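Numbered according to my numbering, the sequence shown spans residues 2 to 338.
Each residue gets a CB set at the ideal place from its N, CA and C atoms; glycine is no exception.
Predicted model, so just to flag it, every value in this text is computed and none were measured.
Okay, structure first, notes after.
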Amino acid sequence: MQFDNRLDAARQADQQDPLRAYREQFIFPQHQGKDCLYLCGNSLGLQPKGVRPAILRELDHWAEHGVEGHFRGDMPWMHYHRFLTDAAARLVGALPQEVVVMNTLTTNLHLMMVSFYRPTAKRYKIVMEAGAFPSDQYAMESQVRWHGYDPATAIIEVAPRTGEDTLRTEDILQIIEREGDSIALVMFGGVNYYTGQWYDLEKIAAAGHRAGAYVGFDLAHAAGNVPLQLHDWGADFAVWCSYKYLNSGPGGPSGTFVHERHANNPELPRFAGWWGHDENERFQMKKGFKPMPGAAGWQLSNAQIFSFAAHKASLDLFDQRGYGSAPGQKPATDGFP
Ligand SMILES: Cc1ncc(COP(=O)(O)O)c(C=O)c1O
Numbered sequence: 002m003q004f005d006n007r008l009d010a011a012r013q014a015d016q017q018d019p020l021r022a023y024r025e026q027f028i029f030p031q032h033q034g035k036d037c038l039y040l041c042g043n044s045l046g047l048q049p050k051g052v053r054p055a056i057l058r059e060l061d062h063w064a065e066h067g068v069e070g071h072f073r074g075d076m077p078w079m080h081y082h083r084f085l086t087d088a089a090a091r092l093v094g095a096l097p098q099e100v101v102v103m104n105t106l107t108t109n110l111h112l113m114m115v116s117f118y119r120p121t122a123k124r125y126k127i128v129m130e131a132g133a134f135p136s137d138q139y140a141m142e143s144q145v146r147w148h149g150y151d152p153a154t155a156i157i158e159v160a161p162r163t164g165e166d167t168l169r170t171e172d173i174l175q176i177i178e179r180e181g182d183s184i185a186l187v188m189f190g191g192v193n194y195y196t197g198q199w200y201d202l203e204k205i206a207a208a209g210h211r212a213g214a215y216v217g218f219d220l221a222h223a224a225g226n227v228p229l230q231l232h233d234w235g236a237d238f239a240v241w242c243s244y245k246y247l248n249s250g251p252g253g254p255s256g257t258f259v260h261e262r263h264a265n266n267p268e269l270p271r272f273a274g275w276w277g278h279d280e281n282e283r284f285q286m287k288k289g290f291k292p293m294p295g296a297a298g299w300q301l302s303n304a305q306i307f308s309f310a311a312h313k314a315s316l317d318l319f320d321q322r323g324y325g326s327a328p329g330q331k332p333a334t335d336g337f338p
């Protein structure tokens with residue numbers, strides 16, 4: 002691709018950008034009295050103008066109703082995660098029941114590994130990208146150690162060839178094939194945080210499954226950035242954060258995907274909490290965990306309403322523009338119809 006870096010060409014590209022009007026929906030930090038050029042959306046997205054009223058609305062709801070806010074109004078806190086599910090599911094090409102917004106990213110990565118990294122003497126390895134974000138590396142290492150294995154032998158990192166900066170898909174697939182039935186989990190980012198490489202997740206999922214392993218993705222740099230079809234690709238699980246490309250504020254909540262073939266399996270081991278318990282019985286305060294159907298059954302705690310409200314305000318923008326796709330539909334190459 003020939004990139005035209007002249008100012009005129011950039012101005013013309015701006016004029017033709019179908020998302021141009023959306024710029025007005027965000028608040029830009031100021032520099033010398035002007036909007037600054039903000040190229041840090043990969044770290045913290047800008048604040049959508051809808052966030053402040055959304056948080057104020059919940060503050061008012063709290064002031065007016067106190068604890069009854071859990072049950073009153075058109076967005077009662079008791080069910081708050083549900084108000085984010087449809088839009089979050091479209092972002093990643095999932096069925097609504099396969100997605101839940103909860104906790105934060107690294108927490109959810111650990112929760113997913115409790116269910117999907119269950120090593121045995123024969124099948125205990127994790128295949129991942131070399132140079133993954135440190136939190137992912139620490140999560141993998143600590144999970145491996147927790148199960149009594151040595152990260153030096155249990156974690157297989159796929160690295161670029163000498164003199165190259167990015168991974169070749171053929172090398173990723175070849176390593177998965179070579180390690181075969183010693184692999185318990187293939188765990189990859191969607192887009193690498195440092196190189197920006199967008200991995201071929203469909204091929205990685207298929208190769209991992211051919212090896213008989215579970216396949217999970219960290220979509221911190223992919224959700225809201227590139228089109229995703231998690232359901233159709235058959236990923237077992239995925240996690241992502243909401244504060245980068247999803248513009249939902251510092252420490253914003255994380256999304257989690259569990260494929261429907263696992264989502265309704267109450268036998269799958271998991272770390273449980275009361276918010277994952279069948280909501281019809283939750284307040285009976287009885288012994289015996291009975292998971293909610295779908296990914297919602299992995300919730301631990303009641304929703305962090307203020308950060309969920311910010312996330313919802315941002316997801317509403319993606320939804321307005323129809324970003325993402327349902328399973329079975331191929332999203333456009335930029336994710337926007
Ligand atoms: C790929 C990736 N994984 C994990 C994290 C850590 O996220 P959190 O602090 O929300 O757990 C980040 C944060 O930038 C990230 O980019």
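Judged by their CB atoms, ALA314 and VAL52 are nearer to each other than the 8 Å cut-off. The Cβ-Cβ distance between VAL187 and VAL216 falls below 8 Å. Rounded to the nearest whole angstrom, the CA to CA distance from GLY277 to TRP299 is 5 Å.
Residue pairing from DSSP places TRP199 in a beta bridge opposite VAL192. Of all C-beta pairs linking the stretch 309–328 to the stretch 203–212, fewer than three are shorter than 8 Å, placing the two stretches out of contact. By the Cβ-count criterion, GLU130 is buried, with 16 or more other Cβ atoms from all chains shown falling within 10 Å of its own Cβ.
Distances from the CA of PRO332 to each of GLN285, HIS232, TRP241, ARG119 were compared; the closest alpha carbon is that of HIS232. Taking 7 Å as the cut-off, one finds at least one heavy atom of ligand 1 near enough to the beta carbon of THR105. Counting other Cβ atoms within 10 Å of its Cβ, TRP147 stays below 16 and is therefore classed as exposed. Contact annotation, LEU269 with TRP234: C-beta distance approximately 20 Å; criterion of less than 8 Å not satisfied. Taking a cut-off of 8 Å on C-beta distances, the stretch 249–266 touches the stretch 44–64, as three or more cross pairs fall below it. Spatial neighbours of ILE176 in its own chain (CB-CB distance under 7 Å, excluding positions within 5 residues in sequence) are listed in chain order as VAL128, ILE157, VAL159. Taken through DSSP and simplified to helix, strand or coil, MET103 comes out as strand.
Beta-bridge annotation (DSSP): ILE156 is paired with ILE127. Excluding sequence positions up to five before and after VAL115, its CB lies within less than 8 Å of the CB of PRO270, ARG271, PHE272, all in the same chain and listed in chain order. Taking SER326 as the centre and dropping the five residues before and after it, the same chain places the C-beta of GLY94, PRO332 closer than 6 Å to its C-beta, in chain order.
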